[in-house]
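These notes are about the structure you will find just below.
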Amino acid sequence: MRSCYRNFSVRSAALLAALTVALCGLSSCAVGSSVSEPTENVSAPTDNVSAPTGRVPTETGSGTESEATPADPLATDQEATALVTSSPSEEPASLPTKAPQFVNYKVKSADWTSVEWEQYSNVYFTLTIPKGWKVEWQGNAQQLYWRVYKPDAMLGLANLDHRYACKDYNYMLRGGSDMYLVNGTVQEFFETAFSNSTEYFTVKNSKVPDNKAQLQAIRPTTPIRDYQSLYAVFKENGQEAEGIYSAVVMESRDVWAAGMNYGMWEINCIFYEWAPLGELVNWMPVYSTIARSFKYTSYYIQEWRSVLGTSGSPEGQTNIGDSVLEAFEERSTADTILQEKRSDMIGEYERVVDNETGNIYRAYNGFLDDIGNEQTRYSPITENQYADGFVGWIDRD
């Protein structure tokens, strides 16, 4: 995050600059890289009997099969006599066994494994973003907001350096701010911010990041009221999703006049990223690349120096580290397993592991039954592997 604090000395501003650029890479603690895995059409090593085509991932069913025709219970008298008078010394005819089921299937790589990158720039900053994604921004060197997102998908991340919220509801109505907070907490701030755009916004767990003392050192005379990294699930436009939300709320004094409190909450270092429910862990390396690529232009630096009256630079020189993801990473294993299983159930998937590559996939329900028990390439995942994410889908060809 950049320019997280306002109304402080030039020296504090310079320290802030060092902090805030480091925080711009708030999703960097997720490790890994995007690895391109081409879509492959795979047939089980058996007779090539194709299942019906055109199936969507939520459909279920089995492949073709061959069964012996059962004896007719209404056989004629002659046929019945022949069965009764057969010689007991003769070996009974072998009954046809049930033929194994076969299905042609295809493996589709997920978007996060094969990202193509492109450069974005405007008058204030530059970014490296996935090809086809969009950037929205507004503001200037005094207050800057930017958002990177994928159109028509619940994917993206956003950063706002600071904003204010009213302590008094009546002051908000008079135009003091577009937000009113009662308690001035991080959770209240995000719940209020997304109350109108989501059907629900539920915080599952929270964590005070490890770098709180470093943030406090920048503003030693203004105590941090609340600093939290939240993991939340929400529903927006009918789609369930999850996200990480972080901010710093500073203590501020009340300013009473004519029965109204003109005091304001100061919220800094606002960062959040989101993805469809069950996919956030998969997108972490992509989000990390985006956030780390953020750079100010020389024009922004000149304007920033003019605003603060300093010859310093907003570019950070010390990597304080990324603590925002702690809430996401410290979810209990039990909660994660339940959430991922629920997500698979809603999407009608079963999760499997490719024993040749170690890759985990979401397969259509019935996939393991279709390919049979004798094959060894695919098997169900273990309980703990539900927290490892997946790299794609398996569907009927």
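Residue 58 is where the sequence shown starts when you use our numbering, and the numbers rise one by one after that. Quick reminder that beta carbons are idealized off the backbone N, C-alpha and C, glycines included.
Checking the sheet assignment: what are the DSSP bridge partners for residue i?
i: S263; result: L287
i: F182; result: Y353
i: I438; result: None, per the DSSP bridge assignment.
i: D411; result: Y435
i: D452; result: K163
i: G189; result: Per DSSP, none; premise fails for G189.
i: I417; result: V410
i: N216; result: W203, F328
Which of the three DSSP states is assigned to residue i in this structure?
i: T390; result: helix
i: F424; result: helix
i: A198; result: coil
i: A298; result: strand
i: L238; result: coil
i: F247; result: helix
i: S309; result: coil
i: S400; result: helix
i: E175; result: strand
i: P102; result: Note that P102 scores a pLDDT of 40, beneath 50, so its modelled location is shaky; the value from the coordinates is reported in the next line. It is coil, neither helix nor strand.
i: E362; result: A small correction: the amino acid at residue 362 is Arg; Glu does not occupy that position in the sequence shown. Three-state result, R362: helix.
i: Q269; result: According to the sequence provided, residue 269 is Lys. The question's Gln does not apply to it. Residue state, collapsed to three classes: helix.
Would you say the beta carbon of residue i is closer than 6 Å to some non-hydrogen atom of the ligand ADP?
i: T433; result: Ligands in the displayed structure: none, and consequently the ligand ADP is not present.
Measuring only the C-alpha atoms, how far is residue i from residue j?
i: D311; j: Y421; result: 58 Å
i: S363; j: G196; result: 16 Å
i: E293; j: E248; result: 13 Å
i: T414; j: K188; result: 27 Å
i: P371; j: E440; result: 46 Å
i: D252; j: D235; result: The identity of residue 252 in the sequence shown is Ser, whereas the question assumes Asp. Between S252 and D235, the C-alpha separation is close to 13 Å.
i: W183; j: A198; result: It should be noted that the sequence gives Thr, not Trp, for residue 183. Near 14 Å, if we compare the C-alpha coordinates of A198 and T183.
i: A167; j: V448; result: 6 Å
i: G446; j: L214; result: 19 Å
i: V160; j: W169; result: 27 Å
i: R68; j: T259; result: Residue confidence for R68 is low, a pLDDT of 37 falling below 50, so the modelled location carries little weight; the figure read from the coordinates is stated next. Going by the C-alpha atoms only, they are around 39 Å apart.
i: R276; j: Y284; result: 14 Å
i: D401; j: I281; result: 40 Å
i: Q271; j: Y257; result: 34 Å
Among residues of its own chain, excluding the 5 on either side of residue i, which ones have a beta-carbon nearer than 8 Å to its beta-carbon?
i: E397; result: G335, R408, Y443, A444
i: P437; result: E407, R408, V409, V410, L425
i: L131; result: Residue placement at L131 is poorly supported in this model, since its pLDDT is 32, which falls under 50; the coordinates are not used for a value here.
What does a CB cutoff of less than 7 Å around residue i pick up in its chain, not counting 5 residues either side in sequence?
i: K191; result: Y206, P208
i: R434; result: D411, N412, E413
Return the chain-ordered list of same chain residues with a C-beta closer than 6 Å to the C-beta of residue i, the five sequence neighbours on each side being excluded.
i: E173; result: K188
Unbroken stretches of the beta strand (DSSP E), 3 residues or longer, contained in the stretch 311-352: The stretch 311-352 contains these whole beta strand (DSSP E) runs: 321-333.
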